[in-house]
Amino acid sequence: MAKLYFYYSAMNAGKSATLLQSNHNYRSNGMHTALFTPRLDDRYGEGQITSRIGLQASALAFESDFDFFEHLGQAHAEQSIACVLIDESQFLTRIQVLQLTMVVDQLGIPVLCYGLRTDFRGEPFEGSQYLLAWADIISEIKTICYSGRKAIMNARLDGNGKRVWDGSQVEIGHNYVSVSRREFNLLRASGIDYSPPVRTLERLQRNKS
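Numbering that gives the first Met the number 0 applies: residue 0 is where the sequence shown begins, and numbers increase by one.
Here it is in structure tokens:
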């Protein structure tokens, strides 16, 4: 039975490599697949899914008004599609995630989405928010922070390797590093107006001494 899958991770965890390996598995068994990547992510050329270990495949570049259900319904009628694979799925819109649930439920095609869960401020992306809410299967691709802890956040760096705290959610081309929540400093990055009680901070400091 077809399902909607969401494979999420922090940056540099091998999401694209995992997608390309899954695609290879289908193709090597003679099955037809449909690959998609957002048009705005053109770091390796438009319509290219590229992993940092050198794997690459061509994909259809989609924009925010692209209708997955309409496109795949027509394509599936012309040639049976065994699986749909979507890279950088955090850039999907809410309605596109809905369309993908219909691809699964109405067309019977499994859909595998790979993407980030949150941005450089710790805020959820629209696509990831609804994939987390509506996907049948949610799985984390794990990676490690430089501290040795599990990395779940994405810190944005400027050209000099310094931390960037402000800016728009989507800025292709910046450098990013995967870090643990502790190293991320969620209190500052999120901009949430909260001041921890001084007495609590003092108690913690005494306990560390």
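Ideal placement from N, C-alpha and C gives every residue a C-beta, glycine not left out. Model, not experiment: these values are computed from the prediction.
Residue range 180-183 is occupied by the alpha helix (DSSP H) that includes residue 181.
At least 8 Å separates the beta-carbon of residue 144 from that of residue 189. Within a 10 Å sphere around the beta-carbon of residue 193 sit fewer than 16 other beta-carbons, which makes this residue exposed. For residue 12, no alpha helix (DSSP H) run applies, since DSSP gives it neither H nor E. A residue is called buried once 16 or more other Cβ atoms fall within 10 Å of its Cβ, and residue 169, having fewer, is exposed.
DSSP, read as helix, strand or coil, puts residue 88 in helix. With respect to the 8 Å criterion, residue 36 and residue 86 are classified as neighbours on the basis of their beta carbons. The beta carbons of residue 54 and residue 84 sit about 13 Å from each other, so the pair does not count as a contact at 8 Å. Residue 25 sits in a helix when the DSSP states are folded into three classes. If you look at residue 155, you'll find it in the beta strand (DSSP E) that goes 152-156.
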